[in-house]
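Undergrad: Residue numbers (this note's numbering): 66 to 377. The beta-carbon is built from N, C-alpha and C at its ideal position, and this holds for glycine as well.
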Amino acid sequence: MSPHRNPLVVFSLLPFLLLSSSRAVSVHTTVYLDGSVRRELQADFLEDRRRNVLPELKSALPIADREGSTRVADVQRATRSVILAKAEDIDGASVDFRNIVETPLSLFTIYTWKETLKVPADTATAIEKAGRVQAEFKYKLVMPGKILEAKAVAQAAPLEPAPSATPASAVPASEAPPPEAWLPETPPGPATEVPGAPLEPPAEPAPPALAGPEATIPPAPTEVPPVAAPAEVPSAPALEPTPAMAGSVRPEVLGATAFFTLTAEHDQYEITATSRRLRWGYVLTLLYILAFIVYRIAAFLVHQASMKPKRI
């Protein structure tokens, strides 16, 4: 598949791919007033890693409008840059804003940038082999207007589904334990003498039963209710594999720029930023209209004052 048709590999995975072979990776994202985006990638690497870094950069951004390679001391720095007409060209990214036609009564335009950076399984394995699990890469975001809020939410691996308890009705009858039979108690019979056994004192005879109406009637045998089978306990629903929140990364915000420091130890990052920009053209137009109204009112008052007759 051509890199032109695979923006996910081009923009979302490349920073993590470069971590396994470069010393430092920087991602610069600039959002313009019309919603277009500039994406720039920088990778610092040693000379022996040149074969790994440069082909990845060149194959990932073949439509770059600017590229370069500079030397900083003993480190090579490669840069590739491209301007995109739509943020949707970056898979997992979007920019949302309302223009003056949609919100004519607002003096500000609110921009919201969202992007998902994912670490593929094979990339994580490569980084672990290279000993760069804790490797960091810089993510710089420039928004049109002052940034009000920015964060990167790190997400861990999805949760494994919990094993559900098997209901009693699902157990086959052949494997079920046999029910315990209830046997009535049998009254003891006459004692049998055992040769050589110690003799026990004879039991005292029971008092004779009373005759007449006071005679005791033996109680009726008590019916024992049958033992009911245990009720089936509904099993708890299994947990769906959802990403577990691993924490939030707060960037350093300077005006319209946010600086993130991210690592490859998490599976993905959800980057969100909101900025606000004053509509200067709208404000100047309102000021011009207001000044014109004030001028016309003042001119009318002056004209009315000049029409009054003067005293001689």
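Find out if the Cβ-Cβ distance for the pair S313, Y204 is shorter than 9 angstroms.
TA: Here the question's residue 313 lines up with position 248 in the sequence shown. Here the question's residue 204 lines up with position 139 in the sequence shown. In this structure, Y204 does not lie closer than 9 angstroms to S313 by Cβ.
Undergrad: When you compare only the Cα positions, how much space is there between T350 and F162?
TA: The residue labelled residue 350 in the question sits at position 285 within the sequence shown. The residue labelled residue 162 in the question sits at position 97 within the sequence shown. Taking the straight line joining both Cα atoms gives about 21 angstroms.
Undergrad: Count the other C-beta atoms from every protein chain shown that fall within 10 angstroms of the C-beta of V160, then say buried if there are 16 or more, exposed otherwise.
TA: Taking the sequence shown and counting its residues from 1, one reaches residue 160 at position 95. Counting Cβ neighbours within 10 Å, V160 comes out buried, since at least 16 surround it.
Undergrad: Under 8 angstroms, with one C-beta from each stretch per pair, do the region 211-220 and the region 366-373 reach the 3-pair mark?
TA: no
Undergrad: Taking 9 angstroms as the threshold (C-beta atoms), are E167 and T386 in contact?
TA: What the structure shows of the chain is the stretch from 66 to 377, and residue 386 is not part of that stretch, so it cannot be assessed.
Undergrad: What span of residues does the beta strand (DSSP E) with T168 cover, start to end?
TA: Here residue 168 refers to the residue found at position 103 of the sequence shown. Unbroken run through T168: none, as it is neither H nor E.
Undergrad: From I148 to L206, what distance separates their C-alpha atoms?
TA: Position 83 of the sequence shown, counted from the start, is the residue given in the question as residue 148. Position 141 of the sequence shown, counted from the start, is the residue given in the question as residue 206. Roughly 14 angstroms separates the two Cα atoms.
Undergrad: With DSSP run on the structure shown, which of helix, strand or coil describes E330?
TA: Within the sequence shown, the letter at position 265 stands for residue 330. DSSP places E330 in coil when its eight states are reduced to three.
Undergrad: Which class does P228 belong to by DSSP, given the choice of helix, strand or coil?
TA: Taking the first residue of the sequence shown as position 1, residue 228 is located at position 163. The pLDDT assigned to P228 is 47, lower than 50, so where the model puts this residue is not dependable; a value taken from the coordinates is nonetheless given after this. If DSSP states are grouped into helix, strand and coil, P228 belongs with coil.
Undergrad: Sorted by chain position, which residues of the same chain lie with C-beta nearer than 6 angstroms to T322's C-beta, five sequence neighbours on each side aside?
TA: Taking the first residue of the sequence shown as 1, we reach residue 322 at position 257. For T322, where only same-chain residues beyond five positions count, the Cβ hits under 6 angstroms are V207.
Undergrad: Beta carbon of L172, beta carbon of L343: below 9 angstroms?
TA: Within the sequence shown, numbered from 1, the residue matching residue 172 stands at position 107. Within the sequence shown, numbered from 1, the residue matching residue 343 stands at position 278. Yes.
Undergrad: Determine the direct distance from the alpha carbon of E317 to that of T181, and round the result to whole angstroms.
TA: The sequence position of residue 181 within the sequence shown is 116, counting from 1. The sequence position of residue 317 within the sequence shown is 252, counting from 1. Roughly 19 angstroms between the two C-alpha positions.
Undergrad: From T339 to V96, what distance separates their C-alpha atoms?
TA: Translated into the one-based positions of the sequence shown, residue 339 becomes position 274. Translated into the one-based positions of the sequence shown, residue 96 becomes position 31. Rounded to whole angstroms, T339 to V96 spans 11 angstroms at the Cα level.
Undergrad: Is it right to say G100 is buried, meaning 16 or more other beta carbons lie within 10 angstroms of its own, or is it exposed?
TA: In the sequence shown, residue 100 corresponds to position 35, counting from 1. Buried, since its Cβ has 16 or more Cβ neighbours within 10 Å.
Undergrad: For the candidate residues T328, H93, T94 and V359, whose alpha-carbon lies nearest to that of Q220?
TA: Position 155 of the sequence shown, counting from 1, holds the residue named residue 220. Ranking the options by Cα distance to Q220, first place goes to T328.
Undergrad: Do I165 and Y347 have their C-beta atoms within less than 9 angstroms of each other?
TA: Here residue 165 refers to the residue found at position 100 when the sequence shown is read from its first residue. Here residue 347 refers to the residue found at position 282 when the sequence shown is read from its first residue. Yes. Within cutoff.
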